[in-house]
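Asks: Sharing a structure, written as structure tokens. Questions coming.
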Amino acid sequence: MSQPHTLHISRSTRRVLESASRLRVDYVEAADFSHWLAASVNTPLAIVSFGAPVSPPVSCPVITLDLPQLDGRSQLEVWTSDHPVTVHRTHEFSAAASGEMLAGTLQLEEEPGAGLQATTERAYRRLLHHVQELGYPYLWRIWNYFPRINECEQGLERYRQFCVGRYQALADTLPGFPGSLPAGTAVGTRSGPLQLYVLAGTHPATHLGNPRQVHAYEYPVHYGPCSPSFARATFLQSDIHAHLFISGTASVVGHESRHMGLPETQTRETVDNLRALMAHADELSGTTRNPQPSRGRYKVYVRQPDQLKAIQQALSIPLFASSQILYLQGDLCRQELLVEIEGVVTTD
3 MSQPHTLHIS RSTRRVLESA SRLRVDYVEA ADFSHWLAAS VNTPLAIVSF
53 GAPVSPPVSC PVITLDLPQL DGRSQLEVWT SDHPVTVHRT HEFSAAASGE
103 MLAGTLQLEE EPGAGLQATT ERAYRRLLHH VQELGYPYLW RIWNYFPRIN
153 ECEQGLERYR QFCVGRYQAL ADTLPGFPGS LPAGTAVGTR SGPLQLYVLA
203 GTHPATHLGN PRQVHAYEYP VHYGPCSPSF ARATFLQSDI HAHLFISGTA
253 SVVGHESRHM GLPETQTRET VDNLRALMAH ADELSGTTRN PQPSRGRYKV
303 YVRQPDQLKA IQQALSIPLF ASSQILYLQG DLCRQELLVE IEGVVTTD
């Protein structure tokens, strides 16, 4: 099994982050958003909606995804900063910058006959151009959403087409590739264009592997013409707070899917992967995790809604006691995977 690179947080990176803007993410009831916004001391960087309207209107980027929320609630994912925010917009790209960090989104419709591979490559090249032009060349976290992820077109599954287009753009334009690849998620929506959402910075972060898994960018060729281009997690740390951005994580050990057809068992395997990733981040940062659970914000993507209760039962454990969890219906990168978990773990 391929082992993760040993990456250590440098003293110079810590010094840069000492005066960093404080990044925060919260899940907010859509009906309460106006009251929450009025009471917040922070400024919105970006808002992700899963179908609910965003009211009152905000100037920061709003990403609207056709991913139904499964637990009967209607929440917004709200990213904020405690520093002033500047908004940038073009016809295809919108971003909000605060100090050393930027949140941006780019969406691109698939043109008839172009194919998802070409659309993805074009979208990523434009995304990299925009963040580099604005002075935020280091990718910290990327989310990718598009419909029909497991359908086959032109002899190749759409997820694999996406991976080829992403690889071609990033291998050509991202300095330090593949070691500079950030945490990532790719999930299938019910409808909509290709939507990319990025957190980027003026300085590099630390990108991690998982000791239980092969690097995604080193997968064997039978997973597709090009390996998926993402790290298992990205770690940001200062003297006062730290963020661990956890990629979409599933029941994969080494590079193989485990526990076909068993949603609860897949969930427990996924949690084992999350624990290993958190322990690895602690080791690299030279810290000891507090016995009390860290504040986390998790999104759980569920392929089959009728399996929600089994998955929720498997997640009723102390690891998530101090966290918020958002359950969404989405299709996953492998047809046999039933659940995928991503998150942001924050310590102060």
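Position one of the sequence shown corresponds to residue 3 (this note's numbering), numbered consecutively onward.
Glycine included, each C-beta is placed from N, C-alpha and C at the ideal position.
These figures come from a predicted structure and were not determined experimentally.
(1) Is there a Cβ from chain C that is less than 7 Å from the Cβ of Gly-117?
(2) To the nearest whole angstrom, what separates the beta carbons of His-209 and Gly-181, a pair I think is in contact under 8 Å?
(3) Considering only the alpha carbon of each residue, which of Gly-106, Ser-36 and His-217 lies closest to Leu-78?
(4) Whose C-beta lies closer than 7 Å to the C-beta of Ser-23 among residues of the same chain, with five residues either side of it excluded?
(5) How is the beta strand (DSSP E) around Ala-48 delimited, first residue to last?
(6) How should Gln-156 be labelled, buried or exposed, when 16 other C-beta atoms within 10 angstroms of its C-beta is the threshold for buried?
(7) Grouping DSSP H, G and I as helix and E and B as strand, with all else coil, what is Val-347?
(8) I'd like the list of long-range same chain contacts for Thr-269, defined as Cβ closer than 7 Å, with 5 residues on each side in sequence excluded.
(9) Compute the distance between the beta-carbons of Ser-231 and Tyr-169, then report whether it is under 7 Å.
(10) Below 7 Å between beta carbons: does that hold for Leu-110 and Thr-121?
(11) Taking a contact to mean a Cβ-Cβ separation below 7 Å, would you say Val-30 touches Trp-38 in this structure?
(12) Locate the beta strand (DSSP E) running through Thr-251, then write down its first and last residues.
(13) Following the continuous alpha helix (DSSP H) through Met-280, name the residue where it begins and the one where it ends.
(14) Taking C-beta to C-beta, are Leu-72 and Tyr-329 nearer than 7 Å?
(15) Which complete beta strand (DSSP E) runs does the stretch 165-251 hold, if anything under 3 residues is left out?
(16) Anyone know if the C-beta pair for Glu-123 and Gly-190 falls short of 7 Å?
(17) Where do the ends of the alpha helix (DSSP H) carrying Glu-123 lie?
(18) By the 10 Å Cβ neighbour count, where 16 or more other Cβ atoms means buried, how is Pro-331 classified, buried or exposed?
(19) Secondary structure at Arg-91, three-state DSSP: helix, strand or coil?
(20) What are the boundary residues of the beta strand (DSSP E) that Ala-41 is part of?
(21) Return the CA-CA distance between Ala-202 and Thr-236, expressed in angstroms with no decimal places.
(22) Can you pull the DSSP bridge partners for Asn-146?
(23) Is Leu-141 closer than 7 Å to Leu-198 when the C-beta atoms are compared?
(24) Using the Cα positions of Arg-336 and Phe-322, report the straight-line distance between them to the nearest angstrom.
(25) Give the straight-line distance between the Cα atoms of Glu-338 and Ile-144, rounded to the nearest whole angstrom.
(26) Quick one: what does DSSP say Ile-319 is sitting in, helix, strand or coil?
(27) Measure the Cβ-Cβ separation of His-261 and Val-216 and say whether it is below 7 Å.
(28) Considering Glu-113, what are the terminal residues of the beta strand (DSSP E) in which it resides?
Replies: Reading off the structure:
(1) The structure shown contains no chain C; it is built from a single protein chain.
(2) As a working mapping, residue 209 is identified with position 207 in the sequence shown. As a working mapping, residue 181 is identified with position 179 in the sequence shown. That belief holds up - the Cβ atoms of His-209 and Gly-181 are roughly 7 Å apart, short of 8 Å.
(3) As a working note, residue 78 is residue 76 in the sequence shown. When each option's Cα is compared against that of Leu-78, the closest is Ser-36.
(4) Against the sequence shown, residue 23 aligns to sequence position 21. Shown here for Ser-23: same chain residues with a beta carbon closer than 7 Å to its own, the five before and five after excluded, namely Ser-83, Asp-84, His-85, Ser-100, Gly-101, Glu-102 and Met-103 in chain order.
(5) Position 46 of the sequence shown holds residue 48. Looking at the DSSP string, the run of the beta strand (DSSP E) that includes Ala-48 is 45-51.
(6) Taking the first residue of the sequence shown as 1, we reach residue 156 at position 154. By the Cβ-count criterion, Gln-156 is exposed, with fewer than 16 other Cβ atoms from all chains shown falling within 10 Å of its own Cβ.
(7) As a first step, residue 347 is located in the sequence shown; it is residue number 345 there, counting from the start. Per DSSP, reduced to three states, the secondary structure at Val-347 is strand.
(8) For this step, residue 269 is matched to residue 267 along the sequence shown. Beyond the five residues adjoining it in sequence on each side, Thr-269 comes within less than 7 Å, by CB distance, of Ile-313, Ala-316, Leu-317 and Val-341 in the same chain, given in chain order.
(9) Stepping through the sequence shown from its first residue, residue 231 is reached at position 229. Stepping through the sequence shown from its first residue, residue 169 is reached at position 167. Yes. Within cutoff.
(10) Here the question's residue 110 lines up with position 108 in the sequence shown. Here the question's residue 121 lines up with position 119 in the sequence shown. Cβ atoms of Leu-110 and Thr-121: closer than 7 Å.
(11) Against the sequence shown, residue 30 aligns to sequence position 28. Against the sequence shown, residue 38 aligns to sequence position 36. The beta carbons of Val-30 and Trp-38 sit closer together than 7 Å.
(12) Here the question's residue 251 lines up with position 249 in the sequence shown. Run containing Thr-251: 244-251, per the beta strand (DSSP E) assignment.
(13) Here residue 280 refers to the residue found at position 278 of the sequence shown. Met-280 -> alpha helix (DSSP H) spans 265-287.
(14) The residue labelled residue 72 in the question sits at position 70 within the sequence shown. The residue labelled residue 329 in the question sits at position 327 within the sequence shown. It is a contact, given that the beta carbons lie within the stated cut-off.
(15) The DSSP assignment places complete beta strand (DSSP E) segments of no fewer than 3 residues inside the stretch 165-251 at 185-191, 196-203, 208-210, 235-239 and 244-251, in order along the chain.
(16) Translated into positions along the sequence shown, residue 123 becomes position 121. Translated into positions along the sequence shown, residue 190 becomes position 188. Going by C-beta atoms, Glu-123 is not nearer than 7 Å to Gly-190.
(17) The sequence position of residue 123 within the sequence shown is 121, counting from 1. Unbroken alpha helix (DSSP H) run through Glu-123: 117-135.
(18) Counting from one through the sequence shown, the residue named residue 331 turns up at place 329. It is worth fixing the name first, because residue 331 is Gln in this sequence and not Pro. Gln-331 should be labelled buried.
(19) Residue 91 sits at position 89 when you count from the first residue of the sequence shown. Of the three classes helix, strand and coil, the one that applies to Arg-91 here is strand, per DSSP.
(20) Here residue 41 is taken as the residue at index 39 of the sequence shown, counted from 1. For Ala-41, no beta strand (DSSP E) segment is defined; the enclosing uninterrupted segment is the alpha helix (DSSP H) at 35-41.
(21) Translated into the one-based positions of the sequence shown, residue 202 becomes position 200. Translated into the one-based positions of the sequence shown, residue 236 becomes position 234. Their backbone Cα atoms lie some 11 Å apart in a straight line.
(22) Numbered from 1 along the sequence shown, position 144 holds the residue referred to as residue 146. Bridge partners of Asn-146: Ala-188 and Leu-198.
(23) For the purposes of this step, residue 198 is identified with residue 196 of the sequence shown, where counting begins at 1. For the purposes of this step, residue 141 is identified with residue 139 of the sequence shown, where counting begins at 1. No. Outside cutoff.
(24) As a working note, residue 336 is residue 334 in the sequence shown. As a working note, residue 322 is residue 320 in the sequence shown. Take the alpha-carbon of Arg-336 and the one of Phe-322: they are about 25 Å apart.
(25) As a position in the sequence shown, residue 338 is number 336, starting the count at 1. As a position in the sequence shown, residue 144 is number 142, starting the count at 1. Rounded to whole angstroms, the separation of the alpha carbons of Ile-144 and Glu-338 is 23 Å.
(26) Indexing the sequence shown from 1 puts residue 319 at position 317. In the structure shown, Ile-319 sits in coil (DSSP, three-state: anything other than H, G, I, E or B).
(27) By one-based count along the sequence shown, residue 261 stands at place 259. By one-based count along the sequence shown, residue 216 stands at place 214. Not in contact: His-261 and Val-216 (Cβ atoms no closer than 7 Å).
(28) What you label residue 113 is simply residue 111 of the sequence shown in a count that begins at 1. Where Glu-113 is concerned, there is no enclosing beta strand (DSSP E), given that its DSSP letter is neither H nor E.
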